[in-house]
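Visitor: Protein chains in written order, with the numbering used here: chain X, 1202 to 1585; chain V, 7 to 391; chain F, 295 to 555. Here a beta-carbon is modelled for each residue, glycine too, at the ideal position from N, C-alpha and C. Source: prediction; values computed, not measured. Quick one: the structure is below, and I'll ask about it shortly.
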Amino acid sequence: MNFDFTKKQLAIKKMIKEFADKEVKPYAAEADQKEIFPAEQIKKLAKLGVMGMSVPRKYGGAELDNVSQTIIMEEISRACNATAVTMGAHASLTCHPIVNFGTEEQKQRFLPKLASGEYLGAFALTEPAAGSDAVNVQTTAVRDGDEYIINGSKIFITNGGKADLVCVVTTTDKAAKHKGLAIFIIEPKKTKGFSLGKKEDKLGLRGSNTQELVFQDMKVPKENLIGGVEGEGFKQAMSVFNSGRIGIGVQGVGIAQAAFEECLKYVNEREQFDRKLHKFQALQFMLADMAMKIDAARLLCFRAADVKDKGRKYVKEAAMAKLYGSDVAMEVTRQAIQIHGGYGYMKDYPLERFYRDAKITEIYEGTSEIQKLVIAAELLGRGF
Amino acid sequence: MRVKLTTAYSGPSLDLGLGVTISSGEELEAPDTTEVDNALAQGFLEEIEEEKKAKKGEITEGDEVWIFAEQRNGKIARVVFELLSKGRELADKLNVKLAAVLLCEKDCGSKELVAYGADKVYLVEDEKLKNYKTDFYTKIICDLIKNEKPQIVVYGATHIGRDLGPRIAQRIATGLTADCTGLDIDSDGLLLQTRPAFGGNIMAQIKCKTKPQMSTARPGVFKLASKDEKRKGEMIKANVVVDEKSSLTKVLDIIKAAKKKVNLEEAKIIVSGGRGLCDKENFRMIEELAKLLGAEVGASRAVVDAGWIPKDHQVGQTGKTVRPMLYLACGISGAIQHRAGMQNSEVIIAVNKDPNAMIFSIADYGIVADIKQFIPALISELKKQ
Amino acid sequence: MEIIVCIKQVPDTTDVKIDPKTGRLIREGIPVIINPDDKAAIEAALQLKANGKITVLTMGPPQAEEALREALAMGCDDAILLCDFKFAGSDTWATANAIAAGIKKIGKYDLILCGRQAIDGDTAQVGPQLAESLNLPQITYVQKVEINGGKVKAERELEDGYEIIETGMPALLTIVKEMNEARYPTLQGIDKAYEAEVKTWKAADIGADENKIGLKASPTMVKKVFSPSAKGQGLILQGSIKEMAHDLVERLKEREIIQKF
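Below is the structure:
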């Protein structure tokens, strides 16, 4: 048993923490208030190699282990969640299916561009009728010679309006249900029949882009079908989500940590009844609970990443990490506002933003309820 | 205090704290630590009695205290006079002479150096010494030190002093303590140097085991003595030949900088205004006072929110954290969010009409008055000076 | 061009406390960083190096290796750690002697860059002392530098402006952090840094004279460290508004906070 990071992981943590504090955190409040997309931050992250962190070295990536990727996600989330989710949708969701299931030709064509940050990626699954019910995809792909013709639409797509490359989940055979799904790689700027729909106005993550994608007789060469075989889409998408859950869990940890740090600062500064707040036992208890829960959630996330690094099955571990990480994010940000009292409710302080940003972690990439189903299914041995 | 191990201590060596260990048979200068106190009390350590210094009233030749008389463009730096004031005190404690060392194109102030307390001025004139140059200055002063053997040499901790001091210290292999804020003579007749480290969060007392004992000392710390035009001093012209060809560096140009833009974090003085000023018009008084003091203008959150002044002037938790030499809080109540941004200022003056205002709890000087009346009074008082 | 950059690993804060019992600094649990001015020196070297080579050097405990690896991750080519208990407790004079011995062992160089001063000791002395030990021209407080035709041209910061100084090479420069924005190490750089070798040299390896290094050879000694006294109870001035204004100005003059107009 070893709870320590390696020296190299510590070096990555130090670098990304400093970067997050200086280059990301100072812009988070304004990005939230004015809905500014973190394009600058993403460009800088790309220069550091972070956008290619999950991509193998031979395609220009940094090929980081999952623990290191989790470290990076926590630190960026602590600084700004809009930046974190933009980065996560690219490095985790979009790169993952190409790295793990793409043909050699697809890897060579797309991974270097994704790894360098030249391309920003998005992953499109959700539809009005297919959220948690991922199987019920209505977007169709029909083979026509050397091409597929895609029709349908996707909603709530992170980076949707900004992406240079989108992995789109379609069905080539509705009757086959989950065995009929197929994922295509689309380059929106080069593809006819692709258009953008509504840009969402969200509770949190307001600097990030979430948009509807519309496909009308969109022609895609058959070489863009991930893995080159139809019917693999469901398996591929589930793999994306399993892996992505660790990232969302640790995003929750990052938000909670940010809120907790604000509280520590505040109780050491503010006085009430002629005493510093930290002298009040009620607040000490709150802080102790917060610290313990954040640490527990963090350990679940890094355990899942470690199990994944060791090449073992990590479905349950990832689901637990995501479920608890998002729980803790909600609970800690709520408590943090309480500790700050009226100040916590005001936009001069970042607490209300943390609270709004935290909520989505209970919803996207599988709601908390879905995570419980996944965990139960693993426990009861039925698979999912 | 010099100490050695006694026979009562059986171990091979003893830890004296601050990284110092002493082994048997060794004699050394003990640090001022609890370890040393304990060892003395337990009889493990003993003090070595040293012969006492010269008696009071007897001025000994040599063993002088020297002040480097930095000049730029023929003007002697203010810190030199501060150091002469302090140096006078040190020389009197040691019963030795105080000397200033002036390198310049043409004598630009030996009389003034004497008026501020120097008994002697070592004057080196050469057109090549008009501007400071590391190699020339180092060579000349090293030669003077080797000839005259002063016991203490102090430089201003300026961009020149901190370039020159270390170079000299290394060449003549003696100790140099940087950026001192306190200088005194201890009971052994040695120079006791106090300096801040870790950005002022820690103070250290340092002694030098070799001669001359050298320090650079921070400008603006020592009190300026009053000038005595009638003082008489000795002038010693030192002849030194410096050859431009032997110099490895060339000063191509010296450029005076234009005034920098608003920079609260680096300001020496900040005048800050709060809600006590009542309206935007009255806030102009703050700006007038700041201009008079050469200060930057700060503000509390309330007046920034009210639009009296832009946000980059805001001091406090959601504004800037400042640490000036002087912070003048005018009509600011001192909510914790504001105090968090300025409580580390060196000197804080608070003016507020509410005697219970929180700001008074951290103020060095408090004035209970209506700010709208006090500022005009302060401005006219300053203009009188 | 061959550049040597001298760096120091320092606590990532100036907010340190003293253990009242031992009189020692409490360093436990405080993260360490490359001294900010030294990081600017690394960045300056990276910008100047062209087709040359940068060797980064530090003296310190074994854990100072992490600072060297960070410098490697930023793009430096070679790293040397001077590490020996015989160096322990060196003041600036003894430190300069040890580093000078290390640099003599490296042998070839065109430029040595140091940071202006470290945030722990704040002395700004090791750079010039090293230059003297190696008999090199020095330019301190450098805020801008360029190299042309084998000559170094640097802007040396002054209290009220700057001077432009030219010198030949080799030379030693001390860099102020305002000169540049130091780059972050990249993930690829970190990879490379942890595959590279950091050479560790002991006093004997560099032929350092034992009478010129370490605590006992140091001409200065720390007698005591203490926390500066906390602010005392403030003084509430008395009298009429005019009297208080007069009193205040007199007190500020006395403390030399404001000077004569």
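So is residue 435 of chain F in contact with chain V if we call contact Cβ pairs under 8 Å?
Guide: On the third sequence, residue 435 of chain F is found 141 positions in, with the first residue counted as 1. At least one chain V Cβ lies under 8 Å of residue 435 of chain F.
Visitor: Across the region 326 to 334 of chain F and the region 301 to 311 of chain F, are there enough close Cβ pairs to call them in contact, namely three or more that are closer than 8 Å?
Guide: With a cut-off of 8 Å on Cβ pairs, the region 326 to 334 of chain F is in contact with the region 301 to 311 of chain F, counting three or more such pairs.
Visitor: For the region 1537 to 1571 of chain X, which residues have a CB atom closer than 9 Å to at least one CB atom of chain V, in sequence order?
Guide: 1544, 1549 and 1550
Visitor: Which residues in the same chain have their Cβ closer than 7 Å to the Cβ of residue 381 of chain V, if we skip the five residues on either side of it in sequence?
Guide: For this step, residue 381 of chain V is matched to residue 375 along the second sequence. The residues are 291, 295 and 336.
Visitor: Could you tell me whether the Cβ of residue 395 of chain F comes closer than 8 Å to any Cβ of chain V?
Guide: Start at 1 with the first residue of the third sequence, and residue 395 of chain F comes out as number 101. For residue 395 of chain F, the closest Cβ of chain V is not nearer than 8 Å.
Visitor: Kindly list the residues whose CB is nearer than 6 Å to the CB of residue 1585 of chain X, restricted to its own chain and excluding five residues on each side of it in sequence; keep chain order.
Guide: Reading the first sequence from its first residue, position 384 is the one you call residue 1585 of chain X. Only weak support exists for where residue 1585 of chain X lies, its pLDDT of 48 falling under 50; the value from the coordinates is given anyway. Taken in chain order, the residues that qualify are 1575 and 1578.
Visitor: With a CB to CB cut of under 6 Å and the five nearest residues on each side skipped, what residues in its chain are close to residue 389 of chain F?
Guide: By one-based count along the third sequence, residue 389 of chain F stands at place 95. The answer, listed in chain order, is 420.
Visitor: Give the secondary structure of residue 155 of chain V by DSSP, where H, G and I count as helix, E and B as strand, and everything else as coil.
Guide: For this step, residue 155 of chain V is matched to residue 149 along the second sequence. Of the three classes helix, strand and coil, the one that applies to residue 155 of chain V here is coil, per DSSP.
Visitor: Between the region 348 to 366 of chain F and chain X, which residues of the former have a C-beta closer than 8 Å to a C-beta of the latter?
Guide: 360, 363 and 364
Visitor: Measuring only between beta-carbons, confirm whether residue 375 of chain F sits less than 8 Å from chain X.
Guide: For the purposes of this step, residue 375 of chain F is identified with residue 81 of the third sequence, where counting begins at 1. Taking Cβ atoms only, chain X never reaches closer than 8 Å to residue 375 of chain F, which makes this a no.
Visitor: For a quick check, are the C-beta atoms of residue 368 of chain F and residue 406 of chain F less than 8 Å apart?
Guide: For the purposes of this step, residue 368 of chain F is taken as the residue at position 74 of the third sequence. For the purposes of this step, residue 406 of chain F is taken as the residue at position 112 of the third sequence. Residue 368 of chain F is not a Cβ neighbour of residue 406 of chain F, given a cutoff of 8 Å.
Visitor: Using C-beta distances below 8 Å, list every residue in its chain close to residue 555 of chain F, excluding the 5 sequence neighbours before and after it, in chain order.
Guide: Residue 555 of chain F sits at position 261 when you count from the first residue of the third sequence. Note on residue 555 of chain F: pLDDT 38, under 50, position unreliable in the model; no value is reported.
Visitor: Look up residue 59 of chain V in the DSSP assignment and say whether it is helix, strand or coil.
Guide: Numbered from its first residue, the second sequence carries residue 59 of chain V at position 53. Because residue 59 of chain V carries a pLDDT of 48, less than 50, the predicted location of this residue cannot be relied on, and no value is offered for it.
Visitor: To the nearest whole angstrom, what separates the beta carbons of residue 185 of chain V and residue 416 of chain F, a pair I think is in contact under 8 Å?
Guide: Taking the first residue of the second sequence as 1, we reach residue 185 of chain V at position 179. Taking the first residue of the third sequence as 1, we reach residue 416 of chain F at position 122. Between residue 416 of chain F and residue 185 of chain V the Cβ distance is about 6 Å, and since that is below 8 Å, they are a contact.
Visitor: For residue 1455 of chain X, count the other beta carbons within 10 Å of its own beta carbon; 16 or more makes it buried, fewer makes it exposed. Which is it?
Guide: Taking the first sequence and counting its residues from 1, the one referred to as residue 1455 of chain X is at position 254. Burial call: buried.
Visitor: Rounding to the nearest angstrom, what Cα-Cα distance links residue 1515 of chain X and residue 1500 of chain X in this structure?
Guide: Counting from 1 along the first sequence, the entry for residue 1515 of chain X is found at position 314. Counting from 1 along the first sequence, the entry for residue 1500 of chain X is found at position 299. If you take the alpha carbons of residue 1515 of chain X and residue 1500 of chain X, they lie about 14 Å apart.
Visitor: Using 8 Å as the threshold, is the C-beta distance between residue 223 of chain V and residue 160 of chain V below it?
Guide: Taking the second sequence and counting its residues from 1, one reaches residue 223 of chain V at position 217. Taking the second sequence and counting its residues from 1, one reaches residue 160 of chain V at position 154. In contact: residue 223 of chain V and residue 160 of chain V (Cβ atoms closer than 8 Å).
Visitor: Smallest Cα separation from residue 1350 of chain X: which of X/1395, X/1485 and X/1535?
Guide: Taking the first sequence and counting its residues from 1, the one referred to as residue 1350 of chain X is at position 149. It is X/1395 whose Cα lies nearest to the Cα of residue 1350 of chain X.
Visitor: Between the C-alpha atoms of residue 343 of chain V and residue 1556 of chain X, what's the straight-line distance to the nearest angstrom?
Guide: Mapped onto the second sequence, residue 343 of chain V falls at position 337. Mapped onto the first sequence, residue 1556 of chain X falls at position 355. If you take the alpha carbons of residue 343 of chain V and residue 1556 of chain X, they lie about 22 Å apart.
Visitor: Using 8 Å for Cβ pairs, my map puts residue 426 of chain F next to residue 177 of chain V. What's the rounded Cβ distance?
Guide: Locating residue 426 of chain F in the third sequence gives position 132, where the first residue counts as 1. Locating residue 177 of chain V in the second sequence gives position 171, where the first residue counts as 1. Their Cβ separation, rounded to whole angstroms, is 6 Å, which keeps residue 426 of chain F and residue 177 of chain V in contact under 8 Å.
Visitor: Could you run through the region 1254 to 1285 of chain X and flag, in chain order, every residue whose CB is less than 7 Å away from some CB of chain F?
Guide: 1254, 1263 and 1265
Visitor: May I have the straight-line CA-CA distance separating residue 469 of chain F from residue 1214 of chain X, to the nearest angstrom?
Guide: Locating residue 469 of chain F in the third sequence gives position 175, where the first residue counts as 1. Locating residue 1214 of chain X in the first sequence gives position 13, where the first residue counts as 1. Near 27 Å, if we compare the C-alpha coordinates of residue 1214 of chain X and residue 469 of chain F.
Visitor: DSSP beta-bridge partners for residue 1383 of chain X?
Guide: Counting from 1 along the first sequence, the entry for residue 1383 of chain X is found at position 182. Residue 1383 of chain X pairs with X/1371.
Visitor: Just to confirm the assignment, what range does the alpha helix (DSSP H) spanning residue 97 of chain V have?
Guide: Mapped onto the second sequence, residue 97 of chain V falls at position 91. Looking at the DSSP string, the run of the alpha helix (DSSP H) that includes residue 97 of chain V is 84 to 100.
Visitor: Span of the alpha helix (DSSP H) holding residue 536 of chain F?
Guide: As a working mapping, residue 536 of chain F is identified with position 242 in the third sequence. Unbroken alpha helix (DSSP H) run through residue 536 of chain F: 535 to 548.
Visitor: Which residue from X/1437, X/1442, X/1390 and X/1212 puts its Cα closest to that of residue 359 of chain F?
Guide: Indexing the third sequence from 1 puts residue 359 of chain F at position 65. Minimum Cα distance to residue 359 of chain F is reached at X/1212.
Visitor: From which residue to which residue does the beta strand (DSSP E) around residue 209 of chain V run?
Guide: On the second sequence, position 203 is the one that residue 209 of chain V refers to. Unbroken beta strand (DSSP E) run through residue 209 of chain V: 208 to 214.
Visitor: Taking residue 1337 of chain X and residue 1416 of chain X to be in contact with their CB atoms under 8 Å, please state how far apart those CB atoms are, rounded to whole angstroms.
Guide: Taking the first residue of the first sequence as position 1, residue 1337 of chain X is located at position 136. Taking the first residue of the first sequence as position 1, residue 1416 of chain X is located at position 215. The Cβ separation is near 17 Å, so there is no contact.
Visitor: Would you mind telling me which residues of chain V sit closer than 7 Å to residue 1471 of chain X, beta carbon to beta carbon, in chain order?
Guide: The residue given as residue 1471 of chain X occupies position 270 in the first sequence. Per Cβ cutoff of 7 Å: 342.
Visitor: Suppose the cutoff is 8 Å on Cβ atoms and the five residues either side in sequence are ignored; what does the same chain contact list for residue 18 of chain V look like?
Guide: The residue you call residue 18 of chain V lines up with position 12 of the second sequence. Same-chain partners within the cutoff: 29 and 30.
Visitor: State the DSSP-derived secondary structure class of residue 373 of chain F, mapped to helix, strand or coil.
Guide: On the third sequence, position 79 is the one that residue 373 of chain F refers to. Residue 373 of chain F falls in the strand class under three-state DSSP.
Visitor: Comparing alpha-carbon positions, which option in X/1568, X/1476, X/1357 and X/1323 lies nearest residue 1384 of chain X?
Guide: Residue numbering aside, residue 1384 of chain X sits at position 183 when the first sequence is read from its first letter. Checking every option, the nearest Cα to that of residue 1384 of chain X belongs to X/1323.
Visitor: Output the distance between the C-alpha atoms of residue 58 of chain V and residue 95 of chain V, rounded to the nearest integer angstrom.
Guide: Against the second sequence, residue 58 of chain V aligns to sequence position 52. Against the second sequence, residue 95 of chain V aligns to sequence position 89. In this predicted model, residue 58 of chain V has a pLDDT of only 49, less than 50, meaning its place in the structure is not dependable; the value taken from the coordinates is given anyway. Taking the straight line joining both Cα atoms gives about 20 Å.
Visitor: Let me know the secondary structure DSSP gives residue 1574 of chain X once reduced to three states.
Guide: Translated into the one-based positions of the first sequence, residue 1574 of chain X becomes position 373. Three-state result, residue 1574 of chain X: helix.
Visitor: Ignore the nearest five residues each way along the sequence and tell me which others in residue 1316 of chain X's own chain have a CB closer than 7 Å to its CB.
Guide: Translated into the one-based positions of the first sequence, residue 1316 of chain X becomes position 115. If we look at residue 1316 of chain X and ignore the five residues flanking it on each side, its Cβ neighbours are 1252, 1253, 1256, 1260, 1261 and 1262.
Visitor: Reducing DSSP to helix, strand and coil, say where residue 228 of chain V ends up.
Guide: For the purposes of this step, residue 228 of chain V is identified with residue 222 of the second sequence, where counting begins at 1. The answer is coil: DSSP assigns residue 228 of chain V none of H, G, I, E or B.
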